[in-house]
Amino acid sequence: MSDFETPSASGVQPAAPAQVRFSDFGLSPDILRALTDQGYEHPTPIQAQAIPVVLQGRDVMGAAQTGTGKTAGFSLPIIQLLLAHASPSMSPARHPVRALILTPTRELAVQVAENVAAYSRHTPLRSTVVYGGVDMKPQTAILRNGVEIIIATPGRLLDHIEQKTVSLSQVQMFVMDEADRMLDMGFLPDLQRIINLLPKQRQNLMFSATFSAEIKRLANSFLNNPVTIEVARSNATADKVTQVVYKVSDENKREAVAHILRSRELKQVIVFSNTKIGASRLARGLEQEGMKASAIHGDKTQQERMAALESFKRGEIDVLVATDVAARGLDISDLPCVINYDLPYNAEDYVHRIGRTGRAGASGDAISIYTDKDERLLADIEKLIKQTIKRGELQGFTPSARGSEERSGERRPPRRGAEGERSSERGSSERSGSARPNGDRPDRGDRGGRPLPRRDKVDPWFLKPYEPSRAPSTLAAADVPAPQAKPKQKIAALLGGLPKE
DNA sequence: AAAAAAC
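Taking UniProt numbering, the leading residue of the first sequence gets 1, the next gets one more, and so forth.
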């Protein structure tokens, strides 16, 4: 089924009984004109469901991936509601922030902002995007003039709040995009601080591609009697995407990818790597092979990230080597192929990655290489998508059944013996920092058979039952974020700041 | 285990 809004020649429209039109929703002529500008006439399924519900003022929990037209699904009715209802009379600002949209990555924020600007271009509403990694001053200048709609990543928004360049006290509509990504460790405290600064009287929309128990609890914690909207289960993408996996030996991974890229004469490809270093190295290696490649990941400057993305979109670069910063949300049209240089650790990320291809009703290829060590990851992925992925033969790269050790003489690992002196012994405690502030790391040489430290799951605020006896925090009332606190105290402060109802 | 996000 076609679930995309672009008038794509390759996507055959199913003979729907009565084709809904954007003009059926009672949207302002100024909005409809913007849609006509873009060539949009018919809403996608999620738009057809979401627009009327949001217009009614209901909270929404939406299950949808990007590429389903989700962004228009919430921005069109938001623009309509902001136009229809005058700004609160008590507001001191001429253009108070009345709608806030949060996204997990900077690039996604930019993309959503571009859409909102396009849909509202014939209206008097102002919007802007705010994210980290770039100079604050230009953002501050725009905020001072006033905007009704802000699209932001959480950290920089809080930064602006601290600088008092923005106030959330007049926000009437709040959107959490890609909420499952937002739930990742580190986003939670920022998220809760922001929510605590919003007026209690507001409309909430939350979108997520996947629905874990945690997501549902988050939804329960701040959505008010939400309408659930569900469109196109995630594995529906598999219909249009041809998937194949190639088994290769560890030391051949880069050559295998280069081989795939050359042999298939692919126009443009995103190659996913699990690590930032791996992405950079692979991009450099492919460049040395004469390909036009760039890497995009979180250790690059924001300028480099934007430059890589833009030159890829413009076609100046053929291969974009990315970490999962690019796995979600990015709408790069007509991408015919995605390659996994590493299988993702989370099976769900596989679905997001291959969702970058097969867009707009077109077909796509998802090619993955994997090694012996990845068998478990592959099994997890196949379990999630409920299908077996075709095993392909990659001429000259597929390791033989008796092992590939014969070919690499000097780099052969030491034989396993009684000493057990394997390199994997060390290093496991080096990176234990983030989740445990200063917890139980075994720093003595003698571990004495003690098991490796378990990374205890930190209890996120929304998993705790609400405690009405707790004294109300001044945080919720004042439009000022909590002062920087030690991690432990921060969680406690957040709990104290939970809304009363 | 890794990645993202504020300075």
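Cβ atoms here follow ideal geometry from the backbone N, Cα and C, with glycine treated the same way. Since we're looking at a predicted model, the values are computed, not measured.
*asked:* Please report the distance separating the alpha-carbon of PHE397 from that of ARG328.
replied: 30 Å
**Message:** Quick check on DSSP: helix, strand or coil for THR153?
**Reply:** coil
*Are the segment 313-326 and the segment 268-283 touching, with three or more C-beta to C-beta distances below 8 Å?*
yes
- Item | According to DSSP, residues forming a beta bridge with GLY392 | TYR246
Notebook entry, point to check: In angstroms, rounded to a whole number, what distance separates the CA positions of LYS247 and VAL257?
Noted result: 12 Å
Checklist entry - Short check: CB of GLY364 to CB of VAL241, under 7 Å? => result yes
* **Rounded straight-line distance, which links the Cα of TYR119 to that of ALA34** => 5 Å
### Task
Using a threshold of 7 Å, state whether the C-beta atoms of PHE187 and LEU100 are closer than that.
no
Give me whichever residues DSSP pairs with PHE272 in a beta bridge.
ALA322 and ASN340
How is the alpha helix (DSSP H) around ASP372 delimited, first residue to last? Unbroken run through ASP372: none, as it is neither H nor E.
**Asked** In three-state terms, what does DSSP make of THR36?
**Response** THR36: helix per DSSP, three-state reduction.
Short check: CB of ARG305 to CB of ILE296, under 7 Å?
Judged by their CB atoms, ARG305 and ILE296 are nearer to each other than the 7 Å cut-off.
- Among VAL166, ARG94 and THR123, which one has its Cα closest to the Cα of VAL129? VAL166
Quiz item: Taking Cβ to Cβ, would you say ASN224 is nearer than 7 Å to ASP349?
Solution: The answer is no: Cβ separation not under 7 Å.
Start and end residues, beta strand (DSSP E) containing ASN220 | It is not in any beta strand (DSSP E) - ASN220 instead sits in the alpha helix (DSSP H) that spans 213-222.
By DSSP, does ALA283 sit in helix, in strand, or in coil?
helix
- Task: Can you tell me which of the three DSSP states PHE174 falls into?
- Result: Note: PHE174 maps to strand in three-state DSSP.
### Task
Pick helix, strand or coil for ASN145, following the three-state DSSP scheme.
helix
- Separation of THR68 from VAL20, as counted between CA atoms: 16 Å
Going by beta carbon distance, what residues of the same chain come within less than 7 Å of HIS122, once the five residues before and after it are set aside? ASP30, ARG33 and ALA34
Residue span of the beta strand (DSSP E) that contains GLU230, given as start and end: Run containing GLU230: 227-230, per the beta strand (DSSP E) assignment.
Based on Cα-Cα distance, which residue from ASP380, LEU108, ILE332 and GLU375 lies nearest to VAL351? When ASP380, LEU108, ILE332 and GLU375 are compared, the shortest CA-CA separation from VAL351 is found for ASP380.
Using a 10 Å radius around the Cβ and a threshold of 16 neighbouring Cβ atoms, would you call LYS164 buried or exposed? exposed
- Message: Tell me the DSSP secondary structure of LEU198 in three-state form.
- Response: When secondary structure is reduced to three states using DSSP, LEU198 falls in the coil class, being assigned neither helix nor strand.
Cβ-Cβ separation, SER127 to ILE151 (assumed contact under 8 Å), whole Å: 7 Å
**Report entry** Neighbourhood of ALA179 by C-beta distance below 7 Å, restricted to the same chain and skipping five residues each side
**Finding:** Excluding positions up to five away in sequence, the list reads MET206, PHE207, SER208, ILE215 and LEU218.
* **Residue environment, GLU148, which counts as buried when at least 16 other CB atoms sit within 10 Å** => buried
Is the Cβ-Cβ distance between MET61 and THR228 less than 7 Å?
yes
Next item on the list: Report whether the distance from the Cβ of PRO154 to the nearest heavy atom of the ligand MG is below 6 Å.
Entry: What this structure holds is no ligand at all, so the ligand MG is not there to describe.
Next item on the list: Could you spell out the range, first to last residue, of the beta strand (DSSP E) harbouring ASN204?
Entry: Its beta strand (DSSP E) spans residues 203-208.
Query - Helix, strand or coil at GLY62 [DSSP, three-state] - result: DSSP places GLY62 in strand when its eight states are reduced to three.
**Given ASP372 as reference, the closest of LEU191, PRO189, PRO399 and ALA93 once Cα atoms are compared** = PRO399
| said: Cutting at 8 Å between CB atoms, please list the residues of its own chain near ASN115, excluding the five before and the five after it. | reply: THR71, ALA72 and SER75
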